[in-house]
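Positions 19 to 158 (my numbering) are the ones given, in order, by the sequence shown.
Ideal Cβ positions, reconstructed from N, Cα and C, are used throughout, including at glycine.
These numbers come from a predicted model, not from an experiment.
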Amino acid sequence: MPLALEIVSPERLLLARDVDMVVVPGTEGDLGILPGHAKLVTSLRGGLVDIYEAGKITDRFFVTGGFAEVTESRCSVLADEIIRQADIDPAAAQAKLAEAKAVFDAVDLNDADAYREASDGLISAQAMVDSLATGVLAKD
């Protein structure tokens, strides 16, 4: 029994197909979702969404955050921003990390909302740079 996977960005439905397993970057850690998984809704941190078919990773996307909704037969990833890992520009990722560090360094520590936003941005930018060290799948 396959798992119906949907990956949705604010702009469009990026992917809708049956898979064997998907691993999503939950805020509390990576979650491996298989058919028959318990129902849950979780927020996502910046990181890779790995799609498995026939025992291997067939697609890999980077998300900056969002949510995943899981049922026994379906996983919907609702991403704030998403990019195929193979399409990440290393120079742009480094520039984004430098910008996120500057924002974080300048944040008012007394403003909890600004601190959380700056921290989330820095974590996501660092995860994007780190994802480049993970095996990149070839572009289609």
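Task: Cβ-based burial, G50 [other Cβ within 10 Å; buried from 16] - done: As a working mapping, residue 50 is identified with position 32 in the sequence shown. Burial is judged here by how many other beta carbons sit within 10 angstroms of a residue's own beta carbon; G50 has fewer than 16 and is exposed.
Open item on the list: Measuring straight from C-alpha to C-alpha, what distance separates V147 and A111?
Closed with: As a working mapping, residue 147 is identified with position 129 in the sequence shown. As a working mapping, residue 111 is identified with position 93 in the sequence shown. A direct Cα-Cα distance of roughly 6 Å separates V147 from A111.
Task: Minimum C-alpha distance to S27 - residue among G65, T60 and G83 - done: Counting from one through the sequence shown, the residue named residue 27 turns up at place 9. It is G83 whose Cα lies nearest to the Cα of S27.
TODO: Taking 8 Å as the threshold, find out whether the stretch 50 to 65 comes into contact with the stretch 75 to 95 through three or more Cβ pairs.
DONE: Touching, yes.
- [ ] Evaluate D158 with the Cβ neighbour count: other Cβ atoms within 10 Å of its Cβ, from every protein chain shown; 16 or more gives buried, anything less gives exposed.
- [x] Taking the first residue of the sequence shown as position 1, residue 158 is located at position 140. In this prediction, D158 scores a pLDDT of 46, lower than 50, which makes its location untrustworthy; no coordinate-derived value is stated.
Task: P160, enclosing beta strand (DSSP E) - first and last residue - done: Because the chain is modelled from 19 through 158, residue 160 falls outside the range shown and cannot be assessed.
Task: C-alpha gap between S38 and R102, whole angstroms - done: Working through the sequence shown from its first residue, we reach residue 38 at position 20. Working through the sequence shown from its first residue, we reach residue 102 at position 84. Strictly speaking, residue 38 in this sequence is Asp, with Ser absent from that position. Their Cα atoms are separated by approximately 19 Å.
Task: D77 burial status per 10 Å Cβ neighbour count (16 or more: buried) - done: The sequence position of residue 77 within the sequence shown is 59, counting from 1. By the 16-neighbour rule on beta-carbons within 10 angstroms, D77 is buried.
Task: Limits of the alpha helix (DSSP H) - the one that A151 falls within - done: As a position in the sequence shown, residue 151 is number 133, starting the count at 1. Careful: A151 lies outside any alpha helix (DSSP H) and carries neither H nor E.
TODO: Compute the beta-carbon to beta-carbon distance between A22 and R92, rounded to the nearest angstrom, for a pair I have assumed lies under 8 Å.
DONE: Against the sequence shown, residue 22 aligns to sequence position 4. Against the sequence shown, residue 92 aligns to sequence position 74. About 4 Å separates the two Cβ atoms, so the contact holds.
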